[in-house]
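Working notes for the structure below.
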Amino acid sequence: MRPNKNIIRGIYLFSALVYALVIVLHELPGAEVAPEFIVYQPLMHSIINGTCFILLLLSLSFIKRGNVAMHKRLNTTAMLLSVLFLLSYVVYHYFAGDTAYLGDYKGLYIFILITHILLAGLSLPFILLAYYHGFIGNIVKHKKMVRFVFPVWLYVTFTGVIVYLFLAPYYA
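This is the structure we're talking about:
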């Protein structure tokens, strides 16, 4: 099936809106009162990231064994969890803002955080495009993109857990 140009444009537009929302959130003063559930969100984000990491590894394993149906299910689940993460991340940062790392490994933390943020942002449209091409059966394009996108998505999900572990002692 040929890709729908409107869907491709929609992927880029969605990615741009996510970037803009994250930037705006960073500049907003934030809410005066946070709902009680906010305190559980960092752990939930870590669990979602860790689950996506495992789902992606399982997805790779299943496609290498030729089980396309399970590969699709696992990737769709990882995609849905990533959307849930993104929505929850926006809510969390609106109410809670940023958390400062005050530990002894600041250089390592900053390196992991910066690479995590940059790669998460840069990879978003490509993850969506790779998923879309796989979804519509454009396997050649899907495989070509996934060679580069898969390891980046894996890194982002893994470092999401690592960032949580660095910050866990400092969440209010």
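Residue 17 is where the sequence shown starts when you use the working numbering, and the numbers rise one by one after that.
Even for Gly, the Cβ is constructed at its ideal location relative to N, Cα and C.
N- and C-terminal bounds of the alpha helix (DSSP H) containing residue i
i	result
glycine 93	Sequence inspection shows threonine at residue 93; the glycine mentioned does not correspond to that position. Taken as a continuous stretch (DSSP letters only), the alpha helix (DSSP H) holding threonine 93 covers 84-112.
proline 167	155-183
tyrosine 125	122-151
methionine 17	First-last for methionine 17: undefined, no H or E at that position.
leucine 118	Note, leucine 118: premise wrong, no alpha helix (DSSP H); not H, not E.
Proximity of residue i and residue j at Cβ, strictly below 8 Å
i	j	result
threonine 192	threonine 131	Residue 192 lies beyond the residue range present for the chain, which begins at 17 and ends at 188; the question has no answer from this structure.
threonine 173	phenylalanine 69	yes
isoleucine 128	valine 179	yes
methionine 17	isoleucine 152	yes
leucine 100	leucine 90	no
isoleucine 64	leucine 97	yes
valine 165	serine 139	yes
tyrosine 105	phenylalanine 182	no
serine 31	leucine 102	no
tyrosine 171	leucine 135	yes
Distance between beta carbons of residue j and residue i, contact taken as under 8 Å
i	j	result
methionine 95	tyrosine 35	Actually they are not in contact, since the Cβ atoms of methionine 95 and tyrosine 35 sit about 19 Å apart, beyond 8 Å.
proline 185	isoleucine 27	Rounded, the Cβ-Cβ distance is 38 Å, inconsistent with contact.
leucine 71	threonine 93	6 Å
tyrosine 187	proline 58	5 Å
histidine 149	proline 19	7 Å
Three-way DSSP call (helix, strand, coil) for residue i in this model
i	result
valine 49	coil
leucine 44	coil
arginine 81	coil
tyrosine 56	helix
tyrosine 28	helix
tyrosine 186	helix
Does the stretch 39-46 touch the stretch 107-126, meaning 3 or more C-beta pairs lie closer than 8 Å? yes
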